[in-house]
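Chains as they are written, first to last, in the numbering used here: chain A, 18 to 395; chain B, 359 to 595. Let me begin by presenting the structure, written as structure tokens, before commenting on it.
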Amino acid sequence: MDFSQTKEQQEHVEKARAFTKEWVSPNAAKHDRSGEFPKYICQEAFNQGFMNPHVPAKYGGSEQHVLDHCLIMEEICTGCSGIGTALGSNGLSQYPVIYAGNDFQKKKFLEPMTQELMFSAYCVTEPEAGSDVSRIKSTAKKVGNDYVINGVKWWITGGSVASWYFVLARVGDKATGFIVPAETSGIIRGVKEQNLGQHASNTVRVTFEDVKVPEEYRLGEEGDGFKIAMKTFDHTRPGIASGSNGITKAALNIGLTYARKRRTFDKKLISYQGISFKLAEIMTKLDAARYMTYLAADLFDKKLDNARQAAQAKWYAADVAMAAATECCQILGGYGYTNEMPAEKLMRDAKIYQIYEGASEIQKMIIVAKLMRTREVH
Amino acid sequence: MLSDIMKLVDKFVDIFKKRLYGRTFRCPVCHLELSYHDTDENDCLVCPVCSVVIELYETYGHSIPVVNDVELNRIQPKSRLHPVATHLPIGLFPFALLGAGFLLIVSLVFKITGTAVSNSAFFTTYSPIIENVTFLMLLIAVVSSALTFLTGFIDWRGRYGARTYRVITLKIILSALFLGIGLCIVLLHFLVFTGGIIAFDSAVNVLSTVIYFILMAAAMFMLATLGHVGGYLVFGK
Chain A
18 MDFSQTKEQQ EHVEKARAFT KEWVSPNAAK HDRSGEFPKY ICQEAFNQGF MNPHVPAKYG
78 GSEQHVLDHC LIMEEICTGC SGIGTALGSN GLSQYPVIYA GNDFQKKKFL EPMTQELMFS
138 AYCVTEPEAG SDVSRIKSTA KKVGNDYVIN GVKWWITGGS VASWYFVLAR VGDKATGFIV
198 PAETSGIIRG VKEQNLGQHA SNTVRVTFED VKVPEEYRLG EEGDGFKIAM KTFDHTRPGI
258 ASGSNGITKA ALNIGLTYAR KRRTFDKKLI SYQGISFKLA EIMTKLDAAR YMTYLAADLF
318 DKKLDNARQA AQAKWYAADV AMAAATECCQ ILGGYGYTNE MPAEKLMRDA KIYQIYEGAS
378 EIQKMIIVAK LMRTREVH
Chain B
359 MLSDIMKLVD KFVDIFKKRL YGRTFRCPVC HLELSYHDTD ENDCLVCPVC SVVIELYETY
419 GHSIPVVNDV ELNRIQPKSR LHPVATHLPI GLFPFALLGA GFLLIVSLVF KITGTAVSNS
479 AFFTTYSPII ENVTFLMLLI AVVSSALTFL TGFIDWRGRY GARTYRVITL KIILSALFLG
539 IGLCIVLLHF LVFTGGIIAF DSAVNVLSTV IYFILMAAAM FMLATLGHVG GYLVFGK
């Protein structure tokens, strides 16, 4: 087992770190306060090759390994996970097309995204169907050579800026995936949601009213939708876990810097074990979360089943990020509570990682489901 | 349309701020926006509003302003001339602008409708008075801005220990600009107005009028900014 980074991975990391320090961190507070979508930062990320990393080379993409992508996302999310989500969320909607799309669909929807800055969105969640995707009520009725889609999708990341959507809808009782161009008539986008954290990320309601899509925009066969949607998560969960690791790393760095400099009772804060032990615990948990993330990503890159490992990484990394952000605020004391320091934002941003892309409870269910099929754990 | 104009103004303000302030951070106590350039060679600064001593650190691009001390017993100005003096230009200039604007509109109406000035009771009786009052307010505003600048400079050396802060650099630049532009406006006033009206009877007159009102608008913008920034320095965010 070689735990060191390759030369290429080191280059990716250094490039991402420089980008984060120049573009992401200095603008994090501004976008957190205003909620403005960071399009100019996404443009710079696109210019530097950080966006759309999974698109196959045949369609103009860099076909980057998931592991490399995780290393990059961790760096960017150390600056701001909201901005990281804004520029990384394309992957969630692109992967269904990469996995189940035919050549025509890939050429039409993936290729343009490698030529200029564009966004896409993953429309699965509904107001009454979050963790339980099987409860979705959106319908797609076959009319001639078209499908007519009706439904309401909620908490759609990038919904206002997307050029196309991956939509999960029922054809009869069969969940089916569709690609829906954003300019199709009948699509209504709601106002940006005012969430607890990740304010830079655009999250909206998307309503489909008699939206007509041609048959050739259907992904796979009727009934393949659920499988496509779930397979996508095996690909994206390591990236989400690495976003959590970015928050943990930011919390550690901020807490460490502050504890080294702040004086209390005539001693530096870090000289108190009550404080320094917190930092030691965060560091240990960060490393544990990282290696779980890398394992999940590496298994995917080797085309091995990584469902359990991805679930473990995502759940654990999210919990570590939340704990680390809380401890960072605690170390900063009163300054951890004010929005003029970067600590409180970490707490607000970290929470979503325990919820989206499969809540922590769902991840545990996935792990148990895998364990149920295991006679012995070695 | 108004929101588009505001967005454009915000964009220009952002560009200007970036050039003058560079990288910024906020005082964690009073929320005043400070520049990285405001720190000394030890990366320390004293917040001009709340007087905390800040040591500025950075990690992964995040600013970490650490407070370990407070500068108490700061020098209070013996006289309060600057706060008093500053209200003269801020109070009078907008009314000078209003007066000039009113005379512009009335002059335009009479020019367009072709009504002879001699037939108008307004022009013969009231417009010279309005013009004189406008000029007087303009003159007092400009002259008192020099007094405001001087008293502000003295306060800066006393209360803020002549420390360089970008926010105060901004005030000094804008004050000097306002004084210069104000003097130009005072001189132009005689080219623009004759007997309380704007005649629009020659190219020189028309050009002078255009420049006059552009300078008035620019001066008003500067004055508003100066007052706004000054308020920040006194009251914080």
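Using N, Cα and C, we set each Cβ at its ideal position, and we do this for glycine too. These figures come from a predicted structure and were not determined experimentally.
B/Leu-565 is classed as exposed because its beta carbon has fewer than 16 other beta carbons within 10 Å across all chains shown. The contact set of B/Cys-385 on chain A, defined by CB atoms closer than 8 Å, consists of Glu-357 in chain order. Sequence-ordered contacts of the region 29-52 of chain A with chain B read Arg-34, Thr-37, Lys-38, Glu-39, Trp-40, Val-41, Ser-42, Pro-43, Ala-45 and Ala-46 [C-beta pairs closer than 9 Å]. The alpha-carbon separation between A/Val-178 and A/Ala-334 amounts to approximately 28 Å. For B/Val-467, DSSP assigns no beta-bridge partner whatsoever. The region 98-106 of chain A makes no contact with the region 155-172 of chain A, as fewer than three CB pairs between them are under 8 Å. In the pairwise beta carbon analysis, the region 403-413 of chain B is classified as not touching the region 259-266 of chain A: fewer than three pairs are separated by under 8 Å.
Between A/Tyr-112 and B/Val-568, the alpha-carbon positions lie close to 60 Å from each other. Under the Cβ distance rule, A/Tyr-289 does not count among the residues neighbouring chain B, no pair being separated by less than 7 Å. Spanning the alpha carbons of A/Thr-224 and A/Glu-91 requires a straight line of approximately 33 Å. Close CB contacts of A/Lys-331 within its chain, under the 6 Å cut and outside five residues either way in sequence, are with Arg-254, Ile-257, Ala-258 and Gln-380 (chain order).
A direct Cα-Cα distance of roughly 32 Å separates B/Thr-583 from A/Ser-218.
Shown in chain order are the members of the region 257-279 of chain A whose Cβ falls below 7 Å from a Cβ of chain B: Ala-267, Asn-270, Ile-271, Thr-274, Tyr-275, Lys-278 and Arg-279. Burial state of B/Thr-471 is exposed, judged by a 10 Å Cβ sphere holding fewer than 16 other Cβ atoms.
In the three-state scheme derived from DSSP, where H, G and I count as helix and E and B as strand, B/Asp-427 is classed as strand.
Using a Cβ-Cβ cut-off of 7 Å, B/Ile-422 counts as an interface residue toward chain A, since at least one Cβ of chain A sits closer than that to its own.
Residue burial is scored here from C-beta neighbours: A/Asp-120 has fewer than 16 other C-beta atoms within 10 angstroms and is therefore classed as exposed. Around the beta carbon of A/Asn-270, 16 or more other beta carbons lie within 10 angstroms, which makes this residue buried.
Listed along chain A is no residue with a C-beta nearer than 8 Å to that of B/Glu-489; the closest approach is about 45 Å.
In the three-state scheme derived from DSSP, where H, G and I count as helix and E and B as strand, B/Cys-402 is classed as strand. In the three-state DSSP reduction, A/Ala-199 falls in the coil class, being neither helix nor strand.
Distance between A/Tyr-139 and A/Gly-194, taken at the CA atoms: about 10 Å. In terms of Cα proximity to B/Asp-398, the closest of B/Leu-390, B/Val-387, B/Glu-391 and B/Ile-412 is B/Ile-412. At least one CB of chain A lies nearer than 7 Å to the CB of B/Asn-426.
Straight through space, the alpha carbons of A/Arg-392 and A/Glu-28 are spaced by roughly 42 Å. With its beta carbon less than 7 Å from one in chain B, A/Tyr-352 belongs to the interface.
Within the same chain, Phe-317, Asn-323, Ala-324 and Ala-327 come within 7 Å of A/Asp-251 by CB-CB distance, once the 5 residues on both sides are set aside.
Neighbours of A/Gly-161 across chain B, judged by C-beta separation under 8 Å, do not exist; the nearest C-beta is about 43 Å away.
Distance check between A/Pro-55 and each of A/Ala-35, A/Phe-136 and A/Pro-129 places A/Phe-136 closest, using alpha-carbon atoms only. Straight through space, the alpha carbons of A/Ala-246 and B/Val-525 are spaced by roughly 53 Å. For A/Ala-360, the enclosing alpha helix (DSSP H) has its first and last residue at 360-367. Remark: fewer than three beta-carbon pairs, one from each stretch, lie closer than 8 Å, so the region 541-556 of chain B and the region 437-451 of chain B are not flagged as touching. Below the 8 Å Cβ cutoff, chain A contributes Glu-357 as neighbours of B/His-389, in chain order. For a cut-off of 8 Å, the C-beta gap from A/Val-160 to A/Val-197 is around 15 Å, too long to register as a contact.
In the three-state scheme derived from DSSP, where H, G and I count as helix and E and B as strand, A/Val-394 is classed as coil.
Excluding residues up to 5 positions away in sequence, Ser-502 lie with their Cβ nearer than 6 Å to the Cβ of B/Leu-446 in the same chain.
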